[in-house]
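Working notes, structure below.
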Amino acid sequence: MGQITMTQALNQALDEAMAEDEGVFCLGEDVGAKQGGGVFKVTSGLTEKYGEHRVRATPISETAIIGAAVGAALAGQRPVAEIMLMNFVGVCMDQIVNHAAKLRFMSGGQTSVPLVIRTTTGVGVGFGGQHSDMLEAWFAHVAGIRVVTPSNAADAKGLLRSAIDSNDPVLFIENILCYGLTSEDPGKGYRVPLGKAAIAREGSDVSLITYGRTVLDALAVAEDLAAEGISVEVVDLRTIAPYDEETVLASVRKTGRAITLHEAVRPYGTGAEMAATIHEKLWGELKAPVLRIGGTFSPVPFATVLEQAWIPTKEEIVAAIRQSVGKV
Amino acid sequence: MSPASAADARLREPVPTDAIDRATLRDIFSRTMKVNRTDEKFRSLLIQGKVAVMYYCVRGQELVSAAAMANLTDDDYVVCTYRGQGEQTAKGIPPELWWAECLGKATGTCKGKGGTMHITYPAKGIMVTTGVVGSGLPIANGLAMASQNNGDGRVTLVSFGDGAANIGGFHEALNMAQLYQLPVVFLCQNNRYGEHTAFADHTDSTCIADRAAGYGMRSMHVDGNDVHQVYNAVKHAVDLARQGKGPTLVEAMCYRMMGHFFGADFSYMPPEHIAEMKAEDPLPKLRKVMLDHQFTKEELDGIVSEIDVEIDAAVEKALAADPPDASELAIDVLESEAG
Ligand SMILES: Cc1ncc(C[n+]2csc(CCOP(=O)(O)OP(=O)(O)O)c2C)c(N)n1
Numbered sequence: 000m001g002q003i004t005m006t007q008a009l010n011q012a013l014d015e016a017m018a019e020d021e022g023v024f025c026l027g028e029d030v031g032a033k034q035g036g037g038v039f040k041v042t043s044g045l046t047e048k049y050g051e052h053r054v055r056a057t058p059i060s061e062t063a064i065i066g067a068a069v070g071a072a073l074a075g076q077r078p079v080a081e082i083m084l085m086n087f088v089g090v091c092m093d094q095i096v097n098h099a100a101k102l103r104f105m106s107g108g109q110t111s112v113p114l115v116i117r118t119t120t121g122v123g124v125g126f127g128g129q130h131s132d133m134l135e136a137w138f139a140h141v142a143g144i145r146v147v148t149p150s151n152a153a154d155a156k157g158l159l160r161s162a163i164d165s166n167d168p169v170l171f172i173e174n175i176l177c178y179g180l181t182s183e184d185p186g187k188g189y190r191v192p193l194g195k196a197a198i199a200r201e202g203s204d205v206s207l208i209t210y211g212r213t214v215l216d217a218l219a220v221a222e223d224l225a226a227e228g229i230s231v232e233v234v235d236l237r238t239i240a241p242y243d244e245e246t247v248l249a250s251v252r253k254t255g256r257a258i259t260l261h262e263a264v265r266p267y268g269t270g271a272e273m274a275a276t277i278h279e280k281l282w283g284e285l286k287a288p289v290l291r292i293g294g295t296f297s298p299v300p301f302a303t304v305l306e307q308a309w310i311p312t313k314e315e316i317v318a319a320i321r322q323s324v325g326k327v
Numbered sequence: 000m001s002p003a004s005a006a007d008a009r010l011r012e013p014v015p016t017d018a019i020d021r022a023t024l025r026d027i028f029s030r031t032m033k034v035n036r037t038d039e040k041f042r043s044l045l046i047q048g049k050v051a052v053m054y055y056c057v058r059g060q061e062l063v064s065a066a067a068m069a070n071l072t073d074d075d076y077v078v079c080t081y082r083g084q085g086e087q088t089a090k091g092i093p094p095e096l097w098w099a100e101c102l103g104k105a106t107g108t109c110k111g112k113g114g115t116m117h118i119t120y121p122a123k124g125i126m127v128t129t130g131v132v133g134s135g136l137p138i139a140n141g142l143a144m145a146s147q148n149n150g151d152g153r154v155t156l157v158s159f160g161d162g163a164a165n166i167g168g169f170h171e172a173l174n175m176a177q178l179y180q181l182p183v184v185f186l187c188q189n190n191r192y193g194e195h196t197a198f199a200d201h202t203d204s205t206c207i208a209d210r211a212a213g214y215g216m217r218s219m220h221v222d223g224n225d226v227h228q229v230y231n232a233v234k235h236a237v238d239l240a241r242q243g244k245g246p247t248l249v250e251a252m253c254y255r256m257m258g259h260f261f262g263a264d265f266s267y268m269p270p271e272h273i274a275e276m277k278a279e280d281p282l283p284k285l286r287k288v289m290l291d292h293q294f295t296k297e298e299l300d301g302i303v304s305e306i307d308v309e310i311d312a313a314v315e316k317a318l319a320a321d322p323p324d325a326s327e328l329a330i331d332v333l334e335s336e337a338g
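Keeping their order, the protein sequence lines are chains A and B. If you count by numbering that gives the first Met the number 0, then the first sequence holds residues 0 to 327, one letter each, in order. If you count by numbering that gives the first Met the number 0, then the second sequence holds residues 0 to 338, one letter each, in order.
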């Protein structure tokens, strides 16, 4: 079937979902044909096929966008709302945290909010402090919402389809640097289940647990270290919250060592949560303490040198692995 | 047509002065008294110490909710606030379920997991009751957007206070609703206070309805103590929305006759203000309209007695009902989890 980019994969997922279900519609800033099909072109071509009502280019009103998506979802539609960049979720946090995530529970299950919030972010493109943050931990900390991020094009398609199918609100994070990644086209109707991690590479010495763009770094490092005889298992969470604890624990039980890795800053991050769980549940079986790797605890800087120093480097990952396996 | 004249043509809409037929008047009276008697009952339970929950009193605003809800069908959607007892009762949530929810019982509309500030009852169109000021307006747009997308002819009404008109979401929602011509009615119940802050102390606007013009939207400004004005204004707004003619902002001037929540201090309300609002009390005014329309005292008292019997029975049942089981904590968080 050939190769597709992550952008194409996401576009296909939306296209297929909209073709199959009249209730699926997109809304967000600049998503329409007149606006060029979105800043990253993910929605391009959809207005022509489905019309302006199903690809609603909105005013710059994040609260109104997510509020409308919540309302439409309550009324049985399946909106896919786009927040142009993840930092802007701060503007509509109330609608996500107090409404989307909680209405099912507070209504005693009478209503549900089957909405997808697509957003994009990523360190390494020189956007500076207000356009680069990975804020997944904010949402992982709230009960009632799923948080998903793909690390490759095929997963992007399959996860977005499952997110649209889901009767729960899903925050779907796309890393800008991943849009150009290519995969074999997984074909029509492809789905990756939510809440299931993937073993991106098998290994026996240490489990490197990560998601999103840093999966690429993890795989590269694992490849390099294999030559030295260090066998790294890379776990790609795919769904960050609630995460696939079973797969994570099974991997660590096998290797006896674990390192969590994410682009988001290290303190209070999702890696800390997983590390704590691993310690609690596998204490007697661990051969080394669980280590955490994350971004530097400062705003994301602008200058290229600083930005590269901010982001977890391959050297840091290698050093952590050596520390964990005791081969410093 | 220049943009300015297009906007002007849609600005302040005259409030229709139609007569209200007797059956509708009776219906409005009954809904109003149901709201009032529920409010009275809640306050008496609180005073007697029989229950201890947050309750946001609606004394003084009963008529606005009742006359507004009388224009909606069960299928129409409503979004309201913590001070939503009026909308909830007048839209028809069965008292048994409503009281059980307010008292945190398993038999409540939301299994006791929502409470007074978060009542949901889709069977009567009550989709969201929010405790976050101003956040209902954007959600109302979405409900209306769904109706517009699938052509089901439903209208969404969202009720909020004067204080909420200063939240960003209010402005975003008005702009978006007008842009898309959504079938939504924005009902501002201007009860003159946002918690302890008087209307004049939170904005220099003298009229919230005027804000609609900034978005090219129609508006109406009515005396919320006058049954004809409230009913006709909301009817007109609902009719227009149903005909695909877009949103309207209706501001109903009323008074919050008690503190912010029941039991709260309201010494900050000046005595002359209290005297003014007592003179404008919507309930005696409505009763007078009813008598003018040849309803007899006996008939009106009979309606109220029936309501009291129903409410008393609902309260007794709710008081005796069981609280939710602790296992409910794991249910309804995400769909696929327990339950
Ligand atoms: C966003 C937000 N800010 C503050 C509060 C606290 N608060 C609760 S009610 C209220 C006053 C709101 O006044 P208004 O909108 O006029 O409604 P009313 O209570 O008069 O019906 C405030 C400030 C809140 N619930 N939400």
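Heads up, the beta-carbon is just placed ideally off N, CA and C, and yes, glycines get one too. All figures in this text were calculated on a predicted structure; none of them were measured in a lab.
Who are the Cβ neighbours of residue i in its own chain at under 7 Å, not counting the five residues just before and after it?
| i | result |
| --- | --- |
| B:Gly113 | Glu100, Thr119 |
| A:Leu290 | Ile258, Ala319, Gln322, Ser323 |
| A:Gly125 | Phe301, Thr303, Glu306 |
| A:Lys187 | Glu15 |
| B:Ile207 | Asp161, Ala164, Cys187, Asn189, Glu250 |
| A:Leu281 | Leu248, Val251, Arg252 |
How is residue i classed by DSSP in three states: helix, strand or coil?
| i | result |
| --- | --- |
| A:Glu19 | helix |
| A:Glu51 | coil |
| A:Ile198 | strand |
| B:Pro2 | For B:Pro2, the predicted model reports a pLDDT of 41, less than 50, meaning its position is unreliable; a value from the coordinates is still stated below. Correct three-state label for B:Pro2: helix. |
| A:Ala302 | coil |
| B:Ile166 | coil |
| B:Gln180 | coil |
| A:Gln2 | strand |
| A:Ile116 | strand |
| B:Ala197 | strand |
| B:Ala337 | For B:Ala337, the pLDDT reaches just 44, beneath the cut-off of 50, and the residue's location in the model is therefore unreliable, leaving the point undetermined. |
| B:Pro13 | coil |
| B:Tyr214 | helix |
| A:Pro185 | coil |
| A:Phe278 | Phe is not the amino acid found at residue 278 of chain A; the sequence shown has His there. In this structure, A:His278 counts as helix in the three-state DSSP scheme. |
| B:Pro93 | coil |
| A:Arg256 | coil |
| B:Gln188 | strand |
| B:Gly124 | coil |
Between the Cα of residue i and the Cα atoms of the options, which residue gives the shortest distance?
| i | options | result |
| --- | --- | --- |
| B:Asp264 | B:Cys56, B:Asp38, B:Met289, B:His235 | B:Cys56 |
| B:Gly262 | B:Gly124, B:Gly107, B:Phe41 | B:Phe41 |
| A:Val231 | A:Ile208, A:Asn10, A:Asp204 | A:Asp204 |
| B:Phe131 | B:Val14, B:Gly167, B:Ala240 | Before going further, note that residue 131 of chain B is Val rather than Phe in the sequence given. Checking every option, the nearest Cα to that of B:Val131 belongs to B:Gly167. |
| A:Ile198 | A:Arg190, A:Tyr189, A:Ala217, A:Pro185 | A:Ala217 |
| A:Asp243 | A:Phe296, A:Ala8, A:Leu215, A:Val146 | A:Val146 |
| A:Leu134 | A:Ala275, A:Pro266, A:Thr4 | A:Pro266 |
| B:Val288 | B:Gln228, B:Leu156, B:Leu248, B:Pro269 | B:Gln228 |
| A:Val299 | A:Ala219, A:Thr209, A:Ala263 | A:Ala263 |
Can you list, in chain order, the residues of its chain whose CB lies under 8 Å from that of residue i, leaving out five sequence neighbours each side?
| i | result |
| --- | --- |
| A:Phe24 | Met17, Tyr49, His52, Arg53, Val54, Arg55, Ala71, Gln76, Arg77, Pro78, Val79 |
| A:Asp29 | Gly35, Gly37, Val38, Ala56, Met83 |
| B:Leu239 | Arg217, Gly245, Thr247 |
Starting from the C-beta of residue i, find all residues in its chain whose C-beta is less than 6 Å away, skip the five residues before and the five after it, and write them out in chain order.
| i | result |
| --- | --- |
| B:Thr128 | Cys79, Gly83, His117, Ile118 |
| A:Gly202 | Ser230, Val231, Glu232 |
| B:Ala320 | Ala99, Lys104, Thr106 |
| A:Gln2 | Thr181 |
Going along chain C, which residues have a C-beta under 7 Å from residue i?
| i | result |
| --- | --- |
| B:Ile92 | No chain C appears in this structure, whose protein chains are A and B. |
Is residue i near ligand 2, going by C-beta to nearest heavy atom under 7 Å?
| i | result |
| --- | --- |
| A:Ile310 | Although ligand 2 was asked about, the structure shown includes only ligand 1 as ligands. |
Contact the segment 189-198 of chain B vs the segment 154-170 of chain B: 3+ CB pairs below 8 Å: yes
Assess, as a yes-or-no matter, whether the segment 280-288 of chain B is touched by the segment 72-79 of chain B under the definition of 3 or more beta carbon pairs within less than 8 Å. no
Closer than 7 Å, Cβ to any Cβ of chain B: which residues of the segment 10-35 of chain A, in chain order? Phe24
Three or more C-beta pairs under 8 Å: does that hold for the segment 139-154 of chain A against the segment 174-184 of chain A? yes
Any chance the segment 100-113 of chain A sits against the segment 30-49 of chain A, with 3 or more Cβ pairs inside 8 Å? no
The segment 301-310 of chain B / the segment 28-35 of chain B touching (three or more Cβ pairs under 8 Å): yes
For the segment 167-181 of chain B against the segment 85-93 of chain B, are there 3 or more C-beta pairs whose distance is under 8 Å? no
Is it the case that the segment 137-144 of chain B contacts the segment 103-113 of chain B, given that we only count it when at least three CB pairs across the two stretches are under 8 Å? no
Members of the segment 161-186 of chain B near chain A, C-beta cut-off 8 Å: Gly167, Gly168, Glu171, Ala172, Asn174, Met175, Leu178, Tyr179
Looking at C-beta atoms only, is the number of pairs between the segment 195-215 of chain B and the segment 35-53 of chain B that lie closer than 8 Å three or more? no
Residues of the segment 138-161 of chain B with a CB closer than 9 Å to any CB of chain A: list them in chain order, please. Ile138, Ala139, Asn140, Gly141, Leu142, Ala143, Met144, Ala145, Ser146, Gln147, Asn148, Asn149, Asp151, Arg153, Thr155
Taking any Cβ of chain B, which residues in the segment 262-276 of chain A have a Cβ under 9 Å from it, in chain order? none
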